[in-house]
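Number of protein chains: 2
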Amino acid sequence: MNEKLTIETCLTPALLPLYHIENSIAVIIDIFRATSSICYGIENGAEAIIPVAQVEECAAYRQKGFDYLLAAERNGEVVAGFDFGNSPFSYTSEKVAGKTIVLTTTNGTHALHLSRGAKKVVIGSFLNLSALCNWLQDQQENILLVCAGWKNNFNLEDTLFAGAVIDQLKTSDYQLDDPGIAANDLFQLGKNDLNAYLQKTAHSERLKKLGIEEDIRFCLQVDLTTAIPVLRGEKLVKLEG
Amino acid sequence: MNEKLTIETCLTPALLPLYHIENSIAVIIDIFRATSSICYGIENGAEAIIPVAQVEECAAYRQKGFDYLLAAERNGEVVAGFDFGNSPFSYTSEKVAGKTIVLTTTNGTHALHLSRGAKKVVIGSFLNLSALCNWLQDQQENILLVCAGWKNNFNLEDTLFAGAVIDQLKTSDYQLDDPGIAANDLFQLGKNDLNAYLQKTAHSERLKKLGIEEDIRFCLQVDLTTAIPVLRGEKLVKLEG
Chain A
1154 MNEKLTIETC
1164 LTPALLPLYH
1174 IENSIAVIID
1184 IFRATSSICY
1194 GIENGAEAII
1204 PVAQVEECAA
1214 YRQKGFDYLL
1224 AAERNGEVVA
1234 GFDFGNSPFS
1244 YTSEKVAGKT
1254 IVLTTTNGTH
1264 ALHLSRGAKK
1274 VVIGSFLNLS
1284 ALCNWLQDQQ
1294 ENILLVCAGW
1304 KNNFNLEDTL
1314 FAGAVIDQLK
1324 TSDYQLDDPG
1334 IAANDLFQLG
1344 KNDLNAYLQK
1354 TAHSERLKKL
1364 GIEEDIRFCL
1374 QVDLTTAIPV
1384 LRGEKLVKLE
1394 G
Chain B
1154 MNEKLTIETC
1164 LTPALLPLYH
1174 IENSIAVIID
1184 IFRATSSICY
1194 GIENGAEAII
1204 PVAQVEECAA
1214 YRQKGFDYLL
1224 AAERNGEVVA
1234 GFDFGNSPFS
1244 YTSEKVAGKT
1254 IVLTTTNGTH
1264 ALHLSRGAKK
1274 VVIGSFLNLS
1284 ALCNWLQDQQ
1294 ENILLVCAGW
1304 KNNFNLEDTL
1314 FAGAVIDQLK
1324 TSDYQLDDPG
1334 IAANDLFQLG
1344 KNDLNAYLQK
1354 TAHSERLKKL
1364 GIEEDIRFCL
1374 QVDLTTAIPV
1384 LRGEKLVKLE
1394 G
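Residue numbers (the numbering used here), protein chains in the order written: chain A, 1154 to 1394; chain B, 1154 to 1394.
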């Protein structure tokens, strides 16, 4: 009997222990804003991006004498002494081409570290949606969509993106789980105007207070990029086709 | 400033540590079939229902000499020596009136035990939906909807019920979280035909194999009952108004 490939959707990193991640390619999803900034930075020629959880870890790279760009924010402001914050607008070719960037991101780094055991770990965002889905389709492997969420809990924007991936792949012969069915249904509700749909979320209010509505709109653009960041050791680098 | 009351939705018991349950009334949700059977049994005059996780715990009540009805299933069959299984059809007045029942249910018991610290713990199902919502509305307390899920992960039917509760309460001035917004949107998609909507879930396939499609249809009936089971010590009893 020909077993179907699976697409599983892990709604928060807290649920990762329930999965056999070693059997799957893991796609890390942290739409506002880590994985969007990572996709944009790698597209724009960054040599590598190293995600870390704490500002202190990020600062340590400078103390070690590495010539890296350091990105860290607290409460929506660039931390003093750092090169830039987490806005995707910081990741332009002019700034990042040929550079290695150390990026501070709590939820994204948490999800990434817990997913290390996967067959491959790649980065997804609306920016690289179709490129990612085409590549996933070619792999003919099980897929685990890992939503970074918010403080270990569910958030709507990461789940919506999981639904977008399923929407592109579902014509193929993958077996879905309940979280994936829900994610895809939610994506159907939101796909015509992602920004409007996400206005009602708790996270949206929080992000508005940070004054990063422009970032949000940027992160919801579909297929702006084609690079697929992949984890190699500690670093995210461009997957070579 | 008048702080809004909250309705929070905990999508699986594994996420309960993220909540301050002591500030809320907890509603335990295990639609297929534990909390549906509990609502039906309490409605039909059961004096109390004691949920346990393991068949062995259930059997121990007989060994202790208590004159209880024991309910336990494995793979859809009543376990030898037990009085009945988990089908709500077993919980008729003829069988349960005046009796105490020990019910074996893995996911439901797990959710219930982890929710003990709440202000009150009540049981919800489509069967007692409106009665439950009217009572919740009267309490003017924060509400935590605890989906029992499946093996600590998300399932669609429990989430849909959380959405149904939110749908009834949302005209009031409650603050929702992202899981609740998603649950309510999913309920809007499914509400016109819950049974058809849930056909596509992983759980539905599993339950079909157990030959309990009649149970499923029964559990998706709305407002068949008005009793609200509430936890007192180890026992679920009828909440007196």
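Note that the Cβ used here is the ideal one computed from N, Cα and C, for glycine as well. On a predicted model such as this, the values are computed, not experimentally measured, just so you know.
Residue-chain proximity (Thr1188 of chain B, chain A), Cβ-Cβ < 7 Å: Along the second sequence, one-based indexing puts residue 1188 of chain B at 35. Judged by the 7 Å Cβ criterion, Thr1188 of chain B is not in contact with chain A.
Using Cβ-Cβ distances below 7 Å, what residues of the stretch 1307-1341 of chain A are close to chain B? Taking a C-beta cut-off of 7 Å against chain B, the contacting residues of the stretch 1307-1341 of chain A are Phe1307, Asn1308, Leu1309, Thr1312, Asp1330, Asp1331, Pro1332, Ile1334, Ala1335, Asp1338, Leu1339, listed in chain order.
Span separating the alpha-carbon of Leu1339 of chain B from that of Ser1278 of chain A: Here residue 1339 of chain B refers to the residue found at position 186 when the second sequence is read from its first residue. Here residue 1278 of chain A refers to the residue found at position 125 when the first sequence is read from its first residue. So the alpha carbons of these two residues sit roughly 23 Å apart.
Range of the contiguous beta strand (DSSP E) that encloses Val1333 of chain B: Looking up residue 1333 of chain B in the second sequence gives position 180. The question names Val, yet the displayed sequence has Gly at residue 1333 of chain B. No beta strand (DSSP E) contains Gly1333 of chain B, which is instead part of the alpha helix (DSSP H) from 1331-1343.
Between the C-alpha atoms of Glu1393 of chain A and Ser1243 of chain A, what's the straight-line distance to the nearest angstrom? Counting from one through the first sequence, the residue named residue 1393 of chain A turns up at place 240. Counting from one through the first sequence, the residue named residue 1243 of chain A turns up at place 90. Straight across, the Cα-Cα distance linking Glu1393 of chain A with Ser1243 of chain A is about 24 Å.
Taking Cβ to Cβ, would you say Trp1183 of chain B is nearer than 7 Å to Leu1282 of chain B? By 1-based counting over the second sequence, the position of residue 1183 of chain B is 30. By 1-based counting over the second sequence, the position of residue 1282 of chain B is 129. Position check: residue 1183 of chain B holds Asp in this sequence, whereas Trp was assumed. No, these two residues do not count as a Cβ contact at 7 Å.
Between Leu1164 of chain A and chain B, is any beta-carbon pair separated by less than 7 Å? Here residue 1164 of chain A refers to the residue found at position 11 of the first sequence. Yes - at least one Cβ of chain B is within 7 Å of the one on Leu1164 of chain A.
Following the continuous alpha helix (DSSP H) through Arg1215 of chain A, name the residue where it begins and the one where it ends. Residue 1215 of chain A sits at position 62 when you count from the first residue of the first sequence. From DSSP, the alpha helix (DSSP H) with Arg1215 of chain A extends over 1208-1216.
With a cut-off of 8 Å on the beta carbons, I'd call Leu1309 of chain B and Cys1286 of chain B a contact; round off their distance for me. Residue 1309 of chain B sits at position 156 when you count from the first residue of the second sequence. Residue 1286 of chain B sits at position 133 when you count from the first residue of the second sequence. Not really, about 20 Å apart at Cβ, beyond 8 Å.
When the cut-off is 7 Å and only beta carbons count, does Asn1305 of chain B lie next to chain A? The residue you call residue 1305 of chain B lines up with position 152 of the second sequence. Yes, Asn1305 of chain B lies at the interface with chain A (some Cβ there is under 7 Å from its Cβ).
CA-CA distance, Ala1349 of chain B and Pro1241 of chain B? Counted from its first residue, the second sequence places residue 1349 of chain B at position 196. Counted from its first residue, the second sequence places residue 1241 of chain B at position 88. Here the alpha carbon of Ala1349 of chain B sits roughly 20 Å from the alpha carbon of Pro1241 of chain B.
Asn1295 of chain A: first and last residue of the uninterrupted alpha helix (DSSP H) it sits in: Translated into positions along the first sequence, residue 1295 of chain A becomes position 142. Asn1295 of chain A -> not in any alpha helix (DSSP H); beta strand (DSSP E) instead, spanning 1295-1300.
Since I believe Thr1162 of chain A is in contact with Ala1315 of chain A (beta carbons under 8 Å), could you give me their beta-carbon distance rounded to a whole number of angstroms? Stepping through the first sequence from its first residue, residue 1315 of chain A is reached at position 162. Stepping through the first sequence from its first residue, residue 1162 of chain A is reached at position 9. Contact holds; Cβ gap of about 5 Å.
Any chain A beta carbon closer than 7 Å to Ala1167 of chain B: Along the second sequence, one-based indexing puts residue 1167 of chain B at 14. Interface residue, yes.
By the three-class DSSP mapping on this structure, what secondary structure does Arg1370 of chain A have? The residue you call residue 1370 of chain A lines up with position 217 of the first sequence. Here Arg1370 of chain A sits in helix by DSSP.
Endpoints, the alpha helix (DSSP H) within which Glu1161 of chain B is located: Along the second sequence, read from residue 1 onward, the residue named residue 1161 of chain B stands at position 8. Glu1161 of chain B -> not in any alpha helix (DSSP H); beta strand (DSSP E) instead, spanning 1158-1163.
Do you know offhand how far Met1154 of chain B's Cα is from Asp1291 of chain B's? Residue 1154 of chain B sits at position 1 when you count from the first residue of the second sequence. Residue 1291 of chain B sits at position 138 when you count from the first residue of the second sequence. Residue placement at Met1154 of chain B is flagged as unreliable, the pLDDT there being 45, under the threshold of 50; the coordinate-derived value follows with that caveat. The alpha-carbon atoms of Met1154 of chain B and Asp1291 of chain B are separated by roughly 22 Å.
Is it the case that the stretch 1263-1272 of chain B contacts the stretch 1209-1226 of chain B, given that we only count it when at least three CB pairs across the two stretches are under 8 Å? Taking a cut-off of 8 Å on C-beta distances, the stretch 1209-1226 of chain B does not touch the stretch 1263-1272 of chain B, as fewer than three cross pairs fall below it.
Out of A:Trp1288, A:Glu1294, A:Leu1280, A:Val1231, which has the shortest C-alpha to C-alpha gap to Glu1156 of chain A? Taking the first sequence and counting its residues from 1, the one referred to as residue 1156 of chain A is at position 3. If we check each option's Cα against that of Glu1156 of chain A, A:Glu1294 comes out closest.
If the cut is a Cβ gap below 8 Å, which residues of chain B does Leu1171 of chain A touch? Counted from its first residue, the first sequence places residue 1171 of chain A at position 18. Going along chain B in sequence order, the residues near Leu1171 of chain A (Cβ under 8 Å) are Ala1167, Lys1304, Asn1305, Asn1306.
Rounded straight-line distance, which links the Cα of Gly1364 of chain A to that of Gly1234 of chain A: The residue labelled residue 1234 of chain A in the question sits at position 81 within the first sequence. The residue labelled residue 1364 of chain A in the question sits at position 211 within the first sequence. Between Gly1234 of chain A and Gly1364 of chain A, the C-alpha separation is close to 21 Å.
Which partner residues does Ala1187 of chain B have in the DSSP bridge list? Along the second sequence, one-based indexing puts residue 1187 of chain B at 34. DSSP lists no partner for Ala1187 of chain B.
Could you work out which residue in B:Leu1342, B:Asn1306, B:Pro1332, B:Gln1341 is closest to Gly1261 of chain B when comparing CA atoms only? Within the second sequence, residue 1261 of chain B is the residue found at index 108, counting from 1. The candidate whose alpha carbon is nearest that of Gly1261 of chain B is B:Asn1306.
Taking only three categories from DSSP, how would you classify Phe1235 of chain B? The residue given as residue 1235 of chain B occupies position 82 in the second sequence. If DSSP states are grouped into helix, strand and coil, Phe1235 of chain B belongs with coil.
Quick check: the Cα distance between Asn1197 of chain B and Asp1326 of chain B, rounded to an integer number of angstroms? Taking the second sequence and counting its residues from 1, one reaches residue 1197 of chain B at position 44. Taking the second sequence and counting its residues from 1, one reaches residue 1326 of chain B at position 173. Distance between the alpha carbons of Asn1197 of chain B and Asp1326 of chain B is about 34 Å.
C-beta contact flag for His1186 of chain A and Cys1372 of chain A at 7 Å: Translated into positions along the first sequence, residue 1186 of chain A becomes position 33. Translated into positions along the first sequence, residue 1372 of chain A becomes position 219. Note on residue identity: the sequence assigns Arg, not His, to residue 1186 of chain A. Cβ distance < 7 Å, so Arg1186 of chain A and Cys1372 of chain A count as in contact.
Phe1237 of chain A classed as buried or exposed, judged by whether at least 16 other C-beta atoms fall within 10 angstroms: Locating residue 1237 of chain A in the first sequence gives position 84, counting from the first residue. Buried, because 16 or more other Cβ atoms sit within 10 Å of the Cβ of Phe1237 of chain A.
To the nearest angstrom, how far is it from the Cα of Asn1239 of chain A to the Cα of Leu1351 of chain A? The residue you call residue 1239 of chain A lines up with position 86 of the first sequence. The residue you call residue 1351 of chain A lines up with position 198 of the first sequence. Taking the straight line joining both Cα atoms gives about 20 Å.
Rounding to the nearest angstrom, what Cα-Cα distance links Ala1179 of chain B and Ala1336 of chain B in this structure? Within the second sequence, numbered from 1, the residue matching residue 1179 of chain B stands at position 26. Within the second sequence, numbered from 1, the residue matching residue 1336 of chain B stands at position 183. For Ala1179 of chain B and Ala1336 of chain B, the distance between alpha carbons rounds to 17 Å.
From the beta carbon of Met1154 of chain A, is the nearest beta carbon of chain B less than 7 Å away? The count along the first sequence starts at 1 and reaches residue 1154 of chain A at position 1. Its pLDDT being 45, under 50, Met1154 of chain A is placed unreliably by the model, and nothing is read from it.
CB Val1299 of chain A to CB Ile1381 of chain A, shorter than 7 Å? Here residue 1299 of chain A is taken as the residue at index 146 of the first sequence, counted from 1. Here residue 1381 of chain A is taken as the residue at index 228 of the first sequence, counted from 1. No, Cβ-Cβ distance for Val1299 of chain A and Ile1381 of chain A is not below 7 Å.
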